[in-house]
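S.K.: Residue numbers (UniProt numbering): 1 to 153. For each residue, glycine too, the CB sits at the ideal point set by N, CA and C. These numbers were taken from a predicted model, which means no experiment stands behind them. Can you read through this structure? Questions will come right after.
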């Protein structure tokens with residue numbers, strides 16, 4: 001059985017890690033929220049607002065505000081599609097260029113950070129994080145919320 005102190009220790013480290021997402025590296029032109037929008041669209045292609053909500057795990061109002069800001073900066077555009085009520089968020093060339101510049105900067109910083117751990121530990125970390133994410137997905141459902149603990153488990 002995993003005791004409460006160990007669960008709290010994992011929780012502290014996950015929280016500590018999640019705080020890092022608000023940091024924007026020196027030299028970056030995009031803040032974290034805009035970068036995440038561009039990342040999702042660059043990785044998956046044009047997405048609806050609902051798909052962005054799901055991908056980024058944020059509320060509709062947050063996605064709407066962030067996309068509106070990215071549109072105002074000329075980084076994305078909203079495209080009407082035949083047969084769909086929702087418009088798709090698509091990168092502009094300026095958005096693609098900004099994503100590639102900031103992405104390269106963030107990749108270099110993250111690579112430097114990980115290199116201190118060594119390849120074997122990083123490979124193990126990837127497996128462990130994937131296992132943790134899979135376990136969380138088994139325990140939680142976005143639509144249903146957390147399942148209550150089962151007796152004896």
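#1: Enumerate, from N- to C-terminal direction, the unbroken beta strand (DSSP E) stretches of 3 or more residues contained entirely within the UniProt domain "HTH marR-type" (21-122).
#2: By Cβ distance below 8 Å, which residues in the same chain neighbour residue 106 in space, the five residues on each side in sequence not counted?
#3: Alpha carbons only, please: which of 84, 91, 111 and 58 is nearest the one belonging to residue 74?
#4: If I'm right that residue 87 touches residue 78 with Cβ under 8 Å, what's the distance once you round it to whole angstroms?
#5: Just to confirm my understanding: we take residue 101, look at its own chain, exclude 5 residues before and 5 after, and list those with CB closer than 8 Å. What are they?
#6: When the Cα atoms are used, what is the spatial distance from residue 132 to residue 122?
#7: Taking contact to mean 3 or more Cβ pairs, one atom from each stretch, closer than 8 Å, check whether the region 59-70 and the region 37-45 are in contact.
#8: Can you give the Cα-Cα distance for residue 134 and residue 120, rounded to whole angstroms?
#9: Please report the distance separating the alpha-carbon of residue 126 from that of residue 114.
#10: Does the Cβ-Cβ distance between residue 53 and residue 63 come in under 8 Å?
M.R.: Taking the structure as given:
#1: 76-79 and 88-91
#2: 25, 28 and 35
#3: 91
#4: 4 Å
#5: 29
#6: 15 Å
#7: yes
#8: 21 Å
#9: 11 Å
#10: yes
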